[in-house]
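Following our numbering, the numbering of the sequence shown begins with 1 at its first residue and continues without gaps. Note that beta-carbon positions come from the ideal geometry of N, C-alpha and C, so glycine has one too.
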Amino acid sequence: MGALAQLDRVWVDKECAPVDDAQPELCPSPRCNTVLADCPDTSALITSATPRLRILMIHSQTPRLLSAACVLCALTSSISSRAAQSTDVTGASLAAPAEPEPAPYAPYQGEGIPGPGPTSSAVTPAPLAEEPEFARRSVELVLDLGLGLPHCAEGDGSDARCSGVGGGLSLGLTALWRVTPMFAWGGTFEVAAFRNEPDDPQYTNARAGAVFIGLAGRVYFADEGAFEPFVELGLGGGALGTRQDEPTTNGRAGYEETGAGPALRAGIGFDFHLTRTLRLGPALSVTRVFVDKIRRCKATGSGECQDVSTDLGGHLDSYVQVLGNLTFQFGSEL
Numbered sequence: 001m002g003a004l005a006q007l008d009r010v011w012v013d014k015e016c017a018p019v020d021d022a023q024p025e026l027c028p029s030p031r032c033n034t035v036l037a038d039c040p041d042t043s044a045l046i047t048s049a050t051p052r053l054r055i056l057m058i059h060s061q062t063p064r065l066l067s068a069a070c071v072l073c074a075l076t077s078s079i080s081s082r083a084a085q086s087t088d089v090t091g092a093s094l095a096a097p098a099e100p101e102p103a104p105y106a107p108y109q110g111e112g113i114p115g116p117g118p119t120s121s122a123v124t125p126a127p128l129a130e131e132p133e134f135a136r137r138s139v140e141l142v143l144d145l146g147l148g149l150p151h152c153a154e155g156d157g158s159d160a161r162c163s164g165v166g167g168g169l170s171l172g173l174t175a176l177w178r179v180t181p182m183f184a185w186g187g188t189f190e191v192a193a194f195r196n197e198p199d200d201p202q203y204t205n206a207r208a209g210a211v212f213i214g215l216a217g218r219v220y221f222a223d224e225g226a227f228e229p230f231v232e233l234g235l236g237g238g239a240l241g242t243r244q245d246e247p248t249t250n251g252r253a254g255y256e257e258t259g260a261g262p263a264l265r266a267g268i269g270f271d272f273h274l275t276r277t278l279r280l281g282p283a284l285s286v287t288r289v290f291v292d293k294i295r296r297c298k299a300t301g302s303g304e305c306q307d308v309s310t311d312l313g314g315h316l317d318s319y320v321q322v323l324g325n326l327t328f329q330f331g332s333e334l
């Protein structure tokens with residue numbers, strides 16, 4: 001009966017106290033009264049033993065049996081809980097679809113390409129005109145150099161006075177104010193030195209020349225670009241004359257014969273812009289002097305002069321110039 005009393009103590013003790021102090025805790029469960037319910041096989045095993053001897057045998061093996069039953073119950077409970085969790089996770093995985101990955105860019109939320117803005121009734125200024133490559137300027141200074149070819153008008157008897165006059169060097173200077181890109185006016189001065197070889201061998205140290213001074217006007221045919229053709233007209237006074245040494249009763253003396261009068265000059269030219277301020281080009285001009293008499297004077301400057309008819313021995317009345325013009329431009333652009 002001592003063994004049965006110890007066995008009863010095992011089942012009655014709620015805190016699972018060991019049979020003796022040397023035995024460890026028989027069951028991991030907090031309540032020993034739940035062990036038999038959780039382990040029915042062990043309970044049946046114990047309760048079915050009626051003979052005392054069998055109870056004593058069972059009692060001697062009770063600690064081991066209880067430990068094995070508790071371990072078996074713990075494993076069964078752990079496997080059941082893991083199976084339940086696996087079932088829950090699998091069900092949740094099948095029930096909840098996977099969330100799609102976010103797009104690498106946000107969807108466009110605008111309203112499309114905007115249309116043209118409202119038109120304004122304000123008058124917009126006209127665009128500025130492009131600056132010409134070679135602009136015309138308000139002031140021009142023209143230096144011309146070339147060849148002068150005189151003309152001898154024959155008199156009633158002969159043209160001995162100017163028959164030996166030939167071509168020579170011509171030089172001129174013209175200053176113009178260019179009012180518009182197409183028109184300029186100003187003053188001009190021209191001088192020419194001609195070769196003179198009289199037919200009479202008694203005339204020596206002979207030479208001839210011409211001069212013109214007056215107003216000049218030009219009309220241009222291009223207001224932009226590198227090429228600039230023009231025509232020119234001049235109005236003023238001119239003179240043409242000869243000089244030679246002649247034999248006299250007292251030896252030899254020098255005489256000058258000059259024909260002067262109003263003059264008209266006309267010309268044409270073609271200039272090319274080398275830079276924005278420099279032009280170069282050829283020109284051709286004709287100067288006509290309206291001579292009505294010849295003034296014959298001693299070259300000594302004594303004032304001994306006399307008038308001679310143009311019909312006596314002929315006279316110089318005009319000359320042609322073949323020139324090269326070098327034009328310097330100054331002032332504001334037009």
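Is the CB-CB distance between residue i and residue j below 7 Å?
i, j, result
"residue 313", "residue 178", "no"
"residue 234", "residue 180", "no"
"residue 254", "residue 291", "no"
"residue 268", "residue 280", "no"
"residue 242", "residue 208", "yes"
"residue 141", "residue 328", "yes"
"residue 289", "residue 238", "yes"
"residue 383", "residue 196", "Absent from the model: residue 383. The displayed extent of the chain is 1 to 334, so no value can be given."
"residue 273", "residue 183", "no"
"residue 143", "residue 326", "yes"
Identify which residue in the options has its Cα closest to the Cα of residue i.
i, options, result
"residue 191", "175, 305, 301, 169", "169"
"residue 146", "330, 319, 247", "319"
"residue 278", "104, 128, 139", "139"
"residue 333", "148, 223, 205", "223"
"residue 244", "265, 264, 126, 299", "299"
"residue 219", "204, 176, 198, 252", "176"
"residue 240", "315, 166, 185", "315"
"residue 166", "174, 150, 155, 324", "150"
"residue 194", "211, 203, 186", "211"
"residue 287", "303, 221, 125, 232", "232"
"residue 264", "155, 317, 109, 102", "317"
"residue 275", "109, 137, 111", "137"
To the nearest angstrom, how far is it from the Cα of residue i to the Cα of residue j?
i, j, result
"residue 214", "residue 322", "19 Å"
"residue 247", "residue 330", "54 Å"
"residue 227", "residue 152", "36 Å"
"residue 352", "residue 257", "This structure gives no information on residue 352, because the portion of the chain shown stretches from 1 to 334."
"residue 100", "residue 107", "15 Å"
"residue 217", "residue 201", "44 Å"
"residue 230", "residue 116", "52 Å"
"residue 252", "residue 205", "11 Å"
"residue 172", "residue 294", "25 Å"
"residue 113", "residue 105", "20 Å"
"residue 324", "residue 203", "34 Å"
"residue 148", "residue 126", "51 Å"
"residue 103", "residue 123", "50 Å"
"residue 185", "residue 221", "15 Å"
"residue 302", "residue 174", "34 Å"
Name the DSSP bridge partner or partners of residue i?
i, result
"residue 321", "148, 285"
"residue 137", "333"
"residue 213", "189, 237"
"residue 308", "294"
"residue 268", "231, 284"
"residue 252", "247"
"residue 277", "Looking at the DSSP assignment, residue 277 forms no beta bridge with any residue, so it has no partner."
"residue 257", "242, 296"
"residue 175", "141, 187"
"residue 180", "183"
In chain order, what residues of the same chain have a beta carbon less than 7 Å from the beta carbon of residue i, not counting five sequence neighbours either side?
i, result
"residue 262", "237, 290"
"residue 337", "Residue 337 lies beyond the residue range present for the chain, which begins at 1 and ends at 334; the question has no answer from this structure."
"residue 111", "none"
Please work out which residues of its chain come closer than 8 Å, Cβ to Cβ, to residue i, disregarding the five sequence neighbours upstream and downstream, and give them in chain order.
i, result
"residue 199", "160, 163, 164"
"residue 157", "311, 312, 313"
"residue 92", "Annotation note: pLDDT 47 at residue 92 (below 50); position unreliable, no value reported."
Within a Cβ cutoff of 6 Å, which residues of the same chain sit near residue i, ignoring the five residues on either side of it in sequence?
i, result
"residue 297", "256, 305"
"residue 155", "311, 312, 313, 314"
"residue 266", "233, 286"
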